[in-house]
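19 is the number of the first residue of the sequence shown in this note's numbering; add one for each residue after it.
These notes are about the structure you will find just below.
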Amino acid sequence: MHSHDDSRISLNLADENATLALAQRLAVRLKPGMVIYLHGDLGAGKTTLVRGVLNALGYTGRVKSPTYTLVEPYNTAGLEIRHFDLYRLHDEEEWEAAGFRDEFDGQNIFFIEWPENALGLIPQADVEIAFEILPHGRNVEIRSYTPTGRECLKQF
Ligand SMILES: Nc1ncnc2c1ncn2[C@@H]1O[C@H](COP(=O)(O)OP(=O)(O)OP(=O)(O)O)[C@@H](O)[C@H]1O
Ligand SMILES: [Mg+2]
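Shown next, in the form of C-alpha cells:
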C-alpha cells in the first residue's frame, strides 16, 4: 500500500525487510546537512532504518543503538552520519556538556531517535519519519518540512 502527495508519504512495511528496503531508497537521497527525526515507540524500527541506511551506503560494521552514548558517528560513502538516540537525554546541561551543539555544522547528516527529548536544542527537521506498530508490520508516515526535505522526497 502506498500513497503520497507533495510533502507526505504513507507506507505499510510488512516486515523488517520492507523497513530495510525503505532505508535503501532513502540512503541514495541523503545530502550533507540533512536532519531526519525518527518517531515511534520502543521497538518500532527506528534503529533498523538507520542500520539499513548505513548498510546501503556500504558500511559493513556493526550498527549498535547509541542508547547510553546518545550518539554514534559513522563515515561512509563520503558522508558523515550521526545517529542520535535521545531516549536517555536528561536535560540541556547534559547536551551542552557533551558538546553536541558542535556536531550541527551543516555537513553532518543526522538521524535522531526520540527528538522529543531535545526540542529547542536540535535543528528543525528536514524530514520526519514516524513509525506506528501494527499487529503485523509497521505503518510509516514520512513528511518533509524544508526545501531540502521536499527535494529528498520528490518522486519517492
Ligand atoms: N516493518 C517491520 N515489521 C515488523 N517488524 C519490524 C519491521 N521493521 C523492523 N522490525 C523489527 O522491529 C524491531 C525494531 O527494533 P529497533 O531497535 O529498530 O526499534 P527502535 O524504534 O529503534 O526502538 P528504540 O526506541 O528502543 O531504540 C526489530 O526487532 C526489527 O526486526
Ligand atoms: Mg533505536
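We put the CB at the ideal spot given by N, CA and C, even for glycine.
Source: prediction; values computed, not measured.
Residue i vs residue j beta-carbon contact at 7 Å
i	j	result
Asp144	Val53	yes
Leu72	Lys64	no
Asn126	Glu98	yes
Arg26	Arg161	yes
Asp109	Thr85	no
Glu121	Arg100	yes
Phe118	Gly58	no
Tyr77	Thr94	yes
DSSP state of residue i mapped onto helix, strand, coil
i	result
Thr164	coil
Ser21	Any reading at Ser21 needs caution, since the residue's pLDDT is 49, under 50, leaving its predicted position unreliable; the model's value is listed next. Ser21 falls in the strand class under three-state DSSP.
Asp123	coil
Leu56	strand
Leu44	helix
Leu137	strand
Phe118	helix
Leu67	helix
Ala62	coil
Ala143	coil
Spatial distance of residue i from residue j (CA atoms)
i	j	result
Asn157	Leu107	27 Å
Asn30	Glu131	20 Å
Glu111	Leu137	14 Å
Ala62	Arg69	14 Å
Arg47	Leu171	8 Å
Leu96	Val89	The residue asked about is misnamed: residue 96 is Gly in this sequence, not Leu. Distance between the alpha carbons of Gly96 and Val89 is about 19 Å.
Phe129	Gln142	12 Å
Gly155	Arg80	24 Å
Ile151	Ser28	14 Å
Gln173	Arg43	11 Å
Lys82	Leu38	16 Å
Beta-ladder partner(s) of residue i, from DSSP
i	result
Val158	Leu29, Phe149
Thr94	Leu97
Val89	Phe102
Phe128	Val53, Arg100
Cβ distance (whole Å) where residue i is taken to contact residue j below 8 Å
i	j	result
Ala41	Leu67	5 Å
Leu75	Ala36	Actually they do not touch by this definition, with Cβ atoms about 19 Å apart.
Thr164	Lys49	Their Cβ separation, rounded to whole angstroms, is 11 Å, which puts Thr164 and Lys49 out of contact at 8 Å.
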